[in-house]
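Trainee:
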Amino acid sequence: MTEVKATFYRRMKDLPSTHLLGTGTPMCSGCGGLEALHQVYDVIGEKSVFVNAAGCMTLLSVYPFTPFRGSWLYTAMASAPAGAQGVRDALDILLEKKRIPPEENMEVVVLTGDGSAYGMGLSATSGAMERNLDFLYICYDNEGYGNTGQQYSGATPHAAKTATSKGPLGFPGFKKDLFSIWAAHKPAYVATVIGTEPVDLARKIEKARSLKGPRMIIALAPCPPGWDFDPKESVEIGKLAVKSGVWPLKEYIDGKVTHTKIPRQRIPVEDYLKHQGRFAHLFEPQCNDALINEIQKKVDDYWDEVQKTTSLDKE
Amino acid sequence: MYRIRFHGRGGQGMKTASRILGTAFFLQGYEVQDAPRYGAERRGAPIFAYVRADETPINERGIITQADLVIVADDSLVPVPGAGVLAGVDKHTVILINSDESPEVWKQRLNISGKVFTLPVETEDRAELRFIGATCTGAAAKLLGVITRESLSQAIEEELGDLGHAVVEKNLHKALTAFDLMKKHAGCVSTMEKTSAANYTRPAWVELPFEDARISAPSIHAAANSVQVKTGLWRTQRPVIDYEHCSGCWWVCSTFCPDGAINVTEQGLPDIDYDHCKGCMVCVAQCPPHAIHAIAEEVAQAEEAKGGQA
Numbered sequence: 023m024t025e026v027k028a029t030f031y032r033r034m035k036d037l038p039s040t041h042l043l044g045t046g047t048p049m050c051s052g053c054g055g056l057e058a059l060h061q062v063y064d065v066i067g068e069k070s071v072f073v074n075a076a077g078c079m080t081l082l083s084v085y086p087f088t089p090f091r092g093s094w095l096y097t098a099m100a101s102a103p104a105g106a107q108g109v110r111d112a113l114d115i116l117l118e119k120k121r122i123p124p125e126e127n128m129e130v131v132v133l134t135g136d137g138s139a140y141g142m143g144l145s146a147t148s149g150a151m152e153r154n155l156d157f158l159y160i161c162y163d164n165e166g167y168g169n170t171g172q173q174y175s176g177a178t179p180h181a182a183k184t185a186t187s188k189g190p191l192g193f194p195g196f197k198k199d200l201f202s203i204w205a206a207h208k209p210a211y212v213a214t215v216i217g218t219e220p221v222d223l224a225r226k227i228e229k230a231r232s233l234k235g236p237r238m239i240i241a242l243a244p245c246p247p248g249w250d251f252d253p254k255e256s257v258e259i260g261k262l263a264v265k266s267g268v269w270p271l272k273e274y275i276d277g278k279v280t281h282t283k284i285p286r287q288r289i290p291v292e293d294y295l296k297h298q299g300r301f302a303h304l305f306e307p308q309c310n311d312a313l314i315n316e317i318q319k320k321v322d323d324y325w326d327e328v329q330k331t332t333s334l335d336k337e
Numbered sequence: 477m478y479r480i481r482f483h484g485r486g487g488q489g490m491k492t493a494s495r496i497l498g499t500a501f502f503l504q505g506y507e508v509q510d511a512p513r514y515g516a517e518r519r520g521a522p523i524f525a526y527v528r529a530d531e532t533p534i535n536e537r538g539i540i541t542q543a544d545l546v547i548v549a550d551d552s553l554v555p556v557p558g559a560g561v562l563a564g565v566d567k568h569t570v571i572l573i574n575s576d577e578s579p580e581v582w583k584q585r586l587n588i589s590g591k592v593f594t595l596p597v598e599t600e601d602r603a604e605l606r607f608i609g610a611t612c613t614g615a616a617a618k619l620l621g622v623i624t625r626e627s628l629s630q631a632i633e634e635e636l637g638d639l640g641h642a643v644v645e646k647n648l649h650k651a652l653t654a655f656d657l658m659k660k661h662a663g664c665v666s667t668m669e670k671t672s673a674a675n676y677t678r679p680a681w682v683e684l685p686f687e688d689a690r691i692s693a694p695s696i697h698a699a700a701n702s703v704q705v706k707t708g709l710w711r712t713q714r715p716v717i718d719y720e721h722c723s724g725c726w727w728v729c730s731t732f733c734p735d736g737a738i739n740v741t742e743q744g745l746p747d748i749d750y751d752h753c754k755g756c757m758v759c760v761a762q763c764p765p766h767a768i769h770a771i772a773e774e775v776a777q778a779e780e781a782k783g784g785q786a
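Spelled out as structure tokens, the structure:
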């Protein structure tokens with residue numbers, strides 16, 4: 023068993039009151055990805071190298087400005103984990119040759135959107151896990167290619183309207199289960215987080231920081247322009263995603279998946295869907311009950327399965 | 477040739493507005509160019525869109541520096557240098573601006589002698605703001621005087637048809653209302669006389685030398701130097717903390733603020749950094765004792781100018 027020491031973050035009050043990530047970024051107002059990232063950055067700190075695949079967040083560091091306090095490297099969309107390998111190797115060589123003291127070592131962090139993580143960057147990520155690269159991977163998942171106008175990606179949920187799925191039924195495919203794909207590689211750590219559950223997020227980043235090897239995080243990122251809602255709803259929609267069971271908060275460690283927050287009384291998925299313009303066609307002009315029920319059933323089936331496996335654990 | 481420049485903020489639909497106007501010109505038999513221009517910034521950031529229309533083929537390319545008609549969908553852009561609203565404006569240029577303040581106020585404030593028209597803001601409801609593009613296009617079509625009601629309607633149906641009947645209807649209503657509103661000023665936009673480089677006279681402006689690079693350019697190796705970018709300019713609504721009702725649970729607003737623009741004072745109270753707050757209003761929605769209120773940015777600025785506490 024990997025030993026994990028008791029968490030520093032027990033309640034909201036323990037969260038940092040000063041924020042390390044600089045303001046003044048070009049991220050959209052109400053960005054759920056930036057919300058998660060600034061919370062993540064407070065835990066990781068400035069001794070870090072961010073290796074950023076093309077996406078919304080590459081705009082964080084547009085010359086000559088950057089919100090980061092440490093280093094940042096830009097890579098092509100499919101190759102951020104390969105970039106991270108290079109940076110990690112370089113740091114290891116410098117450490118070994120004593121050209122930098124141990125206290126100048128840095129955490130190598132891959133930062134990509136879902137387009138890269140679920141799709142075109144997946145093979146590079148698989149390779150990095152295979153090589154047991156010591157890195158942290160943060161995917162901000164806004165369920166589509168948001169930077170270019172929300173075309174569908176491997177993370178787009180069933181029935182959502184995107185720039186490339188405009189029909190009356192929305193996106194015909196299903197959201198890829200990246201958590202399980204990653205966990206199947208048996209890396210040191212995999213977790214799902216969301217900026218609207220900051221204590222859960224801080225604990226998971228803290229835990230990931232205490233481990234070695236590939237540590238993989240997926241943050242659901244409510245996206246005002248891509249999901250079509252008023253920016254002020256950003257946190258509320260994230261909370262609804264968790265309460266409805268659409269976004270399960272869980273972690274994989276030592277071959278075991280644990281749910282860190284099981285909604286006691288799940289609210290209907292409808293309450294989550296109806297707040298977002300990308301699902302408006304499920305409610306107007308007529309309510310598409312069949313499709314809503316299909317989405318609800320997927321969520322129910324998931325949690326039934328969770329129930330079964332958790333009760334098995336107890337036996 | 478007609479040269480028309482749209483100014484708006486990302487998300488207000490200026491790109492679509494320019495497309496609708498371009499299509500309306502096209503349906504009217506014109507040769508047309510329409511193109512948006514924006515940098516890496518998106519929602520809330522200054523956006524430009526250009527339309528050229530002529531009876532003969534258009535060989536001119538690129539951005540429009542001297543426009544016959546300048547359309548400003550958001551009056552808070554006027555003082556933003558990066559938005560360049562006043563670029564190339566002279567007495568010939570007609571300015572159409574979405575503002576509650578009168579044309580006279582704008583003429584005096586900006587010291588311009590050309591025609592200024594305003595489209596009063598109808599509502600504070602942010603959901604209605606998404607139709608501002610249609611309103612601007614409708615008014616512009618009438619000011620140009622060469623676009624008929626029919627062409628304008630058809631252009632809207634063609635460009636927005638994908639979004640469904642209800643959206644088309646709403647935009648048609650907005651555009652045609654604005655079209656009719658400008659009836660008295662139909663055709664007041666004229667095309668510019670042909671200019672030639674040979675008889676160009678330099679404007680009588682004062683040349684300022686550039687600052688030394690060490691002063692004018694930020695240090696690119698500095699940590700978190702993005703704070704030099706004042707994203708507070710994006711804001712159309714301002715969150716204001718009512719400290720009498722604030723219960724001091726900073727860990728809610730300060731953590732949820734996507735930009736990390738809520739600091740915590742030594743007394744343990746949240747303090748909003750208005751230089752960087754983009755006005756998403758997440759804090760207003762999430763504050764447990766409802767102690768953060770939203771007020772219109774222009775009202776807040778007017779109160780500040782009066783010396784009052786905003």
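Line by line, the protein sequences give chains A and B.
Residues 23 to 337 in the working numbering are what the first sequence lists, from first letter to last.
Residues 477 to 786 in the working numbering are what the second sequence lists, from first letter to last.
From the three backbone atoms N, C-alpha and C, an ideal C-beta is built for every residue, glycine too.
Bear in mind that the values here come from a model prediction, so they are computed numbers and not experimental data.
For chain B, find out if any of its Cβ atoms is closer than 7 Å to the Cβ of K254/A; answer yes or no.
Mentor: For the purposes of this step, residue 254/A is taken as the residue at position 232 of the first sequence. Output row for K254/A: interface = yes.
Trainee: Of all Cβ atoms in chain B, is any one closer than 7 Å to the Cβ of V73/A?
Mentor: As a first step, residue 73/A must be located in the first sequence, where it is residue number 51. No, its Cβ sits nowhere closer than 7 Å to a Cβ of chain B.
Trainee: What does G52/A touch in chain C if you count any residue whose Cβ is under 7 Å from its own?
Mentor: The chain labelled as chain C is not found among the protein chains of the depicted structure, namely A and B.
Trainee: Kindly list, in the order they appear in chain A, the residues whose Cβ is closer than 8 Å to that of D749/B.
Mentor: Taking the second sequence and counting its residues from 1, the one referred to as residue 749/B is at position 273. Within chain A, the residues near D749/B are T45.
Trainee: Could you check what DSSP says for G260/A in three-state terms: helix, strand or coil?
Mentor: Translated into positions along the first sequence, residue 260/A becomes position 238. Note: G260/A maps to helix in three-state DSSP.
Trainee: Could you pull the start and end residues of the beta strand (DSSP E) that M238/A belongs to?
Mentor: Locating residue 238/A in the first sequence gives position 216, counting from the first residue. Note, M238/A: beta strand (DSSP E), 236-242.
Trainee: Are the C-beta of L295/A and some C-beta of chain B separated by less than 7 Å?
Mentor: For the purposes of this step, residue 295/A is identified with residue 273 of the first sequence, where counting begins at 1. Not closer than 7 Å to any Cβ of chain B, the Cβ of L295/A fails to qualify, so no.
Trainee: Please name the residue in T218/A, S148/A, D111/A, F201/A whose C-alpha comes closest to that of G52/A.
Mentor: Taking the first residue of the first sequence as position 1, residue 52/A is located at position 30. When each option's Cα is compared against that of G52/A, the closest is T218/A.
Trainee: With a 10 Å radius around its C-beta and 16 neighbouring C-beta atoms as the bar for buried, classify S695/B as buried or exposed.
Mentor: Numbered from its first residue, the second sequence carries residue 695/B at position 219. The residue in question, S695/B, is exposed, as its Cβ has fewer than 16 Cβ neighbours within 10 Å.
Trainee: With a threshold of 16 other CB atoms inside 10 Å of the CB of D550/B, please say whether the residue is buried or exposed.
Mentor: Working through the second sequence from its first residue, we reach residue 550/B at position 74. So D550/B counts as buried.
Trainee: List the residues of chain A that G487/B touches, going by C-beta distances under 7 Å, in chain order.
Mentor: Working through the second sequence from its first residue, we reach residue 487/B at position 11. Near G487/B (Cβ distances below 7 Å), the residues of chain A are P247.
Trainee: Which class does S93/A belong to by DSSP, given the choice of helix, strand or coil?
Mentor: Within the first sequence, the letter at position 71 stands for residue 93/A. Looking at S93/A - three-state DSSP - the assignment turns out to be strand.
Trainee: Verify the CB distance criterion: does G621/B have a CB-CB separation below 7 Å to chain A?
Mentor: Here residue 621/B corresponds to residue number 145 of the second sequence, with the count starting at 1. Not closer than 7 Å to any Cβ of chain A, the Cβ of G621/B fails to qualify, so no.
Trainee: Consult DSSP for D576/B and reduce its assignment to one of helix, strand or coil.
Mentor: Locating residue 576/B in the second sequence gives position 100, counting from the first residue. In the structure shown, D576/B sits in coil (DSSP, three-state: anything other than H, G, I, E or B).
Trainee: Give me whichever residues DSSP pairs with S187/A in a beta bridge.
Mentor: On the first sequence, residue 187/A is found 165 positions in, with the first residue counted as 1. Looking at the DSSP assignment, S187/A forms a beta bridge with T184/A.
Trainee: Label Q185/A either buried or exposed according to how many other C-beta atoms from any shown protein chain fall within 10 Å of its C-beta, with 16 as the threshold for buried.
Mentor: Taking the first sequence and counting its residues from 1, the one referred to as residue 185/A is at position 163. For the record, residue 185/A in the displayed sequence is Ala; it is not Gln. It counts as exposed.
Trainee: What are the residues of the segment 680-698 of chain B that lie near chain A, defined by any Cβ-Cβ distance shorter than 9 Å?
Mentor: Hits within the stretch, in order: A693, P694, S695, I696, A698.
Trainee: What are the start and end residues of the alpha helix (DSSP H) that includes Y85/A?
Mentor: Along the first sequence, read from residue 1 onward, the residue named residue 85/A stands at position 63. Where Y85/A is concerned, there is no enclosing alpha helix (DSSP H), given that its DSSP letter is neither H nor E.
Trainee: How is A786/B classed by DSSP in three states: helix, strand or coil?
Mentor: Residue mapping note: residue 786/B aligns to position 310 of the second sequence, counting from 1. Legend: pLDDT at A786/B = 45, less than 50; position of this residue unreliable, value from coordinates given subsequently. Three-state result, A786/B: coil.
Trainee: Out of I239/A, R153/A, T88/A, E129/A, which has the shortest C-alpha to C-alpha gap to C161/A?
Mentor: Position 139 of the first sequence, counting from 1, holds the residue named residue 161/A. Selected option, being the one with the closest Cα: I239/A.
Trainee: Between which two residues does the alpha helix (DSSP H) harbouring C612/B extend?
Mentor: Translated into positions along the second sequence, residue 612/B becomes position 136. Here the alpha helix (DSSP H) through C612/B covers 608-620.
Trainee: Going along chain B in order, which residues have a C-beta closer than 9 Å to the C-beta of T88/A?
Mentor: As a working note, residue 88/A is residue 66 in the first sequence. Going along chain B in sequence order, the residues near T88/A (Cβ under 9 Å) are I696, A698, A699, A700, N701, S702.
Trainee: Mind checking which residues open and close the alpha helix (DSSP H) that includes T115/A?
Mentor: Locating residue 115/A in the first sequence gives position 93, where the first residue counts as 1. A quick correction: the sequence has Ile, not Thr, at residue 115/A. Where I115/A is concerned, the enclosing alpha helix (DSSP H) stretches over 102-118.
Trainee: Which of the three DSSP states is assigned to G744/B in this structure?
Mentor: Residue numbering aside, residue 744/B sits at position 268 when the second sequence is read from its first letter. G744/B: coil per DSSP, three-state reduction.
Trainee: Determine, using beta carbons only, whether N169/A and C309/A come nearer to each other than 7 Å.
Mentor: Sequence index remark: in the first sequence, residue 169/A carries index 147 (1-based). Sequence index remark: in the first sequence, residue 309/A carries index 287 (1-based). In this structure, C309/A does not lie closer than 7 Å to N169/A by Cβ.
Trainee: Can you tell me where the beta strand (DSSP E) with G135/A in it begins and where it stops?
Mentor: On the first sequence, position 113 is the one that residue 135/A refers to. 129-135 is the span of the beta strand (DSSP E), which, as asked, contains G135/A.
Trainee: Count the other C-beta atoms from every protein chain shown that fall within 10 angstroms of the C-beta of H483/B, then say buried if there are 16 or more, exposed otherwise.
Mentor: Counting from one through the second sequence, the residue named residue 483/B turns up at place 7. With 16 or more Cβ atoms within 10 Å of its Cβ, H483/B is classed as buried.
Trainee: Short of 6 Å in beta carbon distance, which residues of its chain neighbour A213/A, apart from the five on each side in sequence? Order them along the chain.
Mentor: What you label residue 213/A is simply residue 191 of the first sequence in a count that begins at 1. Closer than 6 Å at Cβ, skipping near neighbours: K226, I239, E273.
Trainee: Taking Cβ positions only, does H766/B come closer than 7 Å to chain A?
Mentor: As a position in the second sequence, residue 766/B is number 290, starting the count at 1. No, because no Cβ of chain A sits closer than 7 Å to the Cβ of H766/B.
Trainee: On the DSSP bridge assignment, give the partners of V71/A in chain order.
Mentor: Numbered from its first residue, the first sequence carries residue 71/A at position 49. Answer by DSSP bridge pairing, in chain order: S93/A, V130/A.
Trainee: Under the three-state reduction of DSSP, which class applies to F201/A: helix, strand or coil?
Mentor: Locating residue 201/A in the first sequence gives position 179, counting from the first residue. Helix at F201/A.
Trainee: Does DSSP classify A525/B as helix, strand or coil?
Mentor: Reading the second sequence from its first residue, position 49 is the one you call residue 525/B. Correct three-state label for A525/B: strand.
Trainee: At least one CB of chain B closer than 7 Å to the CB of E126/A: is that the case?
Mentor: Working through the first sequence from its first residue, we reach residue 126/A at position 104. No, E126/A lies away from the interface with chain B (no Cβ there is under 7 Å from its Cβ).
Trainee: Here's a check: name, in chain order, each residue in its chain whose Cβ is nearer than 7 Å to the Cβ of G617/B, leaving out the five neighbours to either side.
Mentor: What you label residue 617/B is simply residue 141 of the second sequence in a count that begins at 1. Here residue 617/B is Ala; the residue named in the question, Gly, does not match the sequence. Cβ within range, chain order: L497, A500, I623, L628, F655.
Trainee: Following a CB-centred definition, is A106/A positioned closer than 6 Å to any heavy atom of the ligand NAD?
Mentor: With respect to the ligand NAD, the structure shown offers nothing to examine, as it has no ligands at all.
Trainee: Please look up how many angstroms separate the CB atoms of C759/B and C733/B, rounded, as I've assumed it's under 8 Å.
Mentor: Residue mapping note: residue 759/B aligns to position 283 of the second sequence, counting from 1. Residue mapping note: residue 733/B aligns to position 257 of the second sequence, counting from 1. Confirmed, Cβ separation roughly 6 Å.
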